[in-house]
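Take a look at the structure set out below.
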Amino acid sequence: MIDEQIYWNPVLETLPQEKIQVLQLHKFKRIFQWAYDHSKFHRSLYEKAGIRPDDIRSLKDIRQVPKVEKAMMRDIQQKEPFPYGDALCVPLEEVTEFRQTSGTTGQPVYQPDTWQDWEWWAESWSFILWAQGYRPIDRVFIPFGYNVFVAFCAGHYAAEKMGCEVVPGGVLDTKARILKIQELGVTAMMATPTYILGMADTAKNRMGIDPSTLTVDKITCAGEPGGSIPTTKKRMEEAWGAKVYDHAGATEIGAWSYECHVQPGGMHVNDALFLVEIEDEESGEIIYEPGRQGKMIITALDRQALPCIRFDSKDIIEWAPEPCPCGRTFRLLKGGVIGRTDDITKVKGVLLAPSAIEEVVRGIEGLSDEYEVVIDKDVDVDRITLKIELLPGRESERPSIEGRLIDELRLETNLRYNLEFHDYGALPRYDVKARRFKDLRPTH
Ligand SMILES: [Zn+2]
Numbered sequence: 002m003i004d005e006q007i008y009w010n011p012v013l014e015t016l017p018q019e020k021i022q023v024l025q026l027h028k029f030k031r032i033f034q035w036a037y038d039h040s041k042f043h044r045s046l047y048e049k050a051g052i053r054p055d056d057i058r059s060l061k062d063i064r065q066v067p068k069v070e071k072a073m074m075r076d077i078q079q080k081e082p083f084p085y086g087d088a089l090c091v092p093l094e095e096v097t098e099f100r101q102t103s104g105t106t107g108q109p110v111y112q113p114d115t116w117q118d119w120e121w122w123a124e125s126w127s128f129i130l131w132a133q134g135y136r137p138i139d140r141v142f143i144p145f146g147y148n149v150f151v152a153f154c155a156g157h158y159a160a161e162k163m164g165c166e167v168v169p170g171g172v173l174d175t176k177a178r179i180l181k182i183q184e185l186g187v188t189a190m191m192a193t194p195t196y197i198l199g200m201a202d203t204a205k206n207r208m209g210i211d212p213s214t215l216t217v218d219k220i221t222c223a224g225e226p227g228g229s230i231p232t233t234k235k236r237m238e239e240a241w242g243a244k245v246y247d248h249a250g251a252t253e254i255g256a257w258s259y260e261c262h263v264q265p266g267g268m269h270v271n272d273a274l275f276l277v278e279i280e281d282e283e284s285g286e287i288i289y290e291p292g293r294q295g296k297m298i299i300t301a302l303d304r305q306a307l308p309c310i311r312f313d314s315k316d317i318i319e320w321a322p323e324p325c326p327c328g329r330t331f332r333l334l335k336g337g338v339i340g341r342t343d344d345i346t347k348v349k350g351v352l353l354a355p356s357a358i359e360e361v362v363r364g365i366e367g368l369s370d371e372y373e374v375v376i377d378k379d380v381d382v383d384r385i386t387l388k389i390e391l392l393p394g395r396e397s398e399r400p401s402i403e404g405r406l407i408d409e410l411r412l413e414t415n416l417r418y419n420l421e422f423h424d425y426g427a428l429p430r431y432d433v434k435a436r437r438f439k440d441l442r443p444t445h
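Counting from 2, one number per residue, gives the positions in the sequence shown under the working numbering.
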């Protein structure tokens, strides 16, 4: 018999894929009809493409439904009525939540949610937290000020819904947060990888507290790829003496993916609440088999106020070859979210993903957690400079570290780097998301 306690929803999380697909088709038709009937923007998009709700009879048919991109949402929101344009599917008085995207480029997109949507957010986060071992006995600390962003705010409500005790640590500074974790015997935490490492550094080097001796035994990551980069994850797990789990979500989509307690080297898609398609970027065909990367097209199957239907998320993902040993039938993505199409840049004609550099740097022991990558031009040739810090007391290892960096970076990325060693503490520190990758070439 399956141990039902492993799963937040033992029925949905173990439903055979054929039945999941029946559910997905049913839900897709429902959300498509909803958007068609209630959003002027969606209706006109679909009319232009010549597709009506009755045309959707199989999961294959949904490929005729036009994709939506973030830039389109930005355009809609420039128009009346303020602030959501003509895509809002409910009367304004039914909107209970305002959020905005936290992207680094361009105008933020505003995101309305109804109370039902907000409960859906909490439900989707409950799948994540339960799979990562959160239980009602846990005391959960959230060292993050929610501001206008949804990150961790929905995790907060999910933890409450599950019966955990939630400690909001938003306005405290880093030292006060560490003392609070120590005082209360906190058992779980949610933060960005940058901040998880930054907190550990402050505890160890400025307060004389070894974070691995504290009581935190599980940490949920969001906001950056580090939770799925093995070397970064290892650093976080060793620093805190805790299991570190990744999850993926976005303001305009929802919390759609999570790593389970087995840590299979990838993340499950929440197939009951989302429909994920992987599209080959060149041919546009849908990829069903493992081992081929493509970009994610995603539908939030239950979201009401501003539907997310076939949203082109720019995330690069790939199906895992085997199902997960945890018993969940929700599909598995190999390596989580591998990158984003707009993060990948061409240097000297070679495609470079920033996460490949992170994986190398974080795998070398004598280096600190911080690094910075600057791409510019030396006359008219691309040049990449990698700035790193040696940990105190490791200066004598510099030649061997330098050799390893050159070799491993060449192997992983096929590129040569100028290495710039800095004193420990000289590179900038970040509280939430780091800006480590700077492309200063004039065409960018
Ligand atoms: Zn699993």
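Just so you know, even glycine gets a beta-carbon here, dropped at the ideal spot from N, CA and C.
What is the rounded straight-line gap between the Cα of residue i and the Cα of residue j?
i: D202; j: E371; result: 11 angstroms
i: W35; j: C90; result: 8 angstroms
i: S314; j: G364; result: 29 angstroms
i: Q65; j: A357; result: 35 angstroms
i: I138; j: Y431; result: 32 angstroms
i: E70; j: L180; result: 43 angstroms
i: K439; j: L93; result: 40 angstroms
i: V433; j: P82; result: 33 angstroms
i: T175; j: M200; result: 6 angstroms
i: A435; j: S229; result: 16 angstroms
Ligand 1 and residue i: does the residue's C-beta get closer than 7 angstroms to at least one heavy atom of that ligand?
i: H27; result: no
i: K327; result: As written in the sequence, residue 327 is Cys, which differs from the Lys given in the question. It does: the Cβ of C327 is within 7 angstroms (strictly closer) of some heavy atom of ligand 1.
i: V270; result: no
i: P17; result: no
i: V245; result: no
i: P1; result: Only positions 2 to 445 of the chain appear in this structure, which leaves residue 1 out of reach.
i: P265; result: yes
i: C261; result: yes
Closer than 8 angstroms by C-beta to residue i: which residues in its own chain qualify, once you throw out the five before and the five after it? Chain order, please.
i: I3; result: With a pLDDT of 49 at I3, under the threshold of 50, the predicted position of this residue should be treated as unreliable, though the coordinate-derived value follows. Taken in chain order, the residues that qualify are P11, T15 and G328.
i: T214; result: G242
i: R75; result: G107, Q108 and V110
Keeping to the same chain, check which residues put their C-beta closer than 7 angstroms to that of residue i; ignore five residues upstream and five downstream.
i: M237; result: P194, I197, L198, I220 and V245
i: G267; result: A321, L333, L334, K335, G336 and G337
i: G13; result: The sequence given here has Leu at residue 13, not Gly. Same-chain partners within the cutoff: A273.
i: L24; result: A273
i: T115; result: V91, E95, V96, T97, Q305 and A306
i: R437; result: Y372, E373 and V374
Can you tell me which of the options puts its alpha carbon nearest to the alpha carbon of residue i?
i: K49; options: S59, Y37 and P113; result: Y37
i: F534; options: S229, A123, K61 and Y289; result: Nothing about residue 534 can be reported from this structure: the residues present for the chain run from 2 to 445 only.
i: E421; options: D432, P429 and E373; result: E373
i: Q6; options: F128, E19 and W119; result: F128
i: E290; options: W257, S229 and E280; result: E280
i: G1; options: K68, P400 and V382; result: Limits of the chain in this structure are 2 at one end and 445 at the other, which puts residue 1 out of reach.
i: I21; options: R53, K349, F331 and E120; result: F331
i: M208; options: R178, T232, N148 and T216; result: R178
i: D277; options: E319, P265, G292 and H248; result: A small correction: the amino acid at residue 277 is Val; Asp does not occupy that position in the sequence shown. For V277, the nearest C-alpha among the options comes from E319.
Can you name, in chain order, every residue of its own chain whose Cβ lies under 6 angstroms from the Cβ of residue i, other than the five neighbours on each side?
i: K378; result: R442
i: T252; result: R100, T102, Q112 and V151
i: L26; result: L60
i: A354; result: G340 and I345
i: Y418; result: I385, L387 and L410
So, does the CB of residue i fall closer than 8 angstroms to a CB anywhere in chain C?
i: S213; result: No chain C appears in the structure shown, which is made up of a single protein chain.
Any alpha helix (DSSP H) of 4 or more consecutive residues that is wholly inside the segment 142-229
Complete alpha helix (DSSP H) runs here, min 4: 154-163, 175-185 and 194-207.
Within the segment 60-132, ranges of the alpha helix (DSSP H) (whole runs, at least 4 residues)
71-77 and 116-132
Which runs of the beta strand (DSSP E), 3 residues or longer, sit entirely within the segment 374-433?
Correct list: 382-391 and 419-423.
Any chance you could list the beta strand (DSSP E) runs of at least 3 consecutive residues sitting entirely within the segment 245-333, in chain order?
Taking only runs of at least 3 residues, the beta strand (DSSP E) segments lying wholly in the segment 245-333 are 248-251, 255-259, 267-270, 275-280, 295-301 and 312-318.
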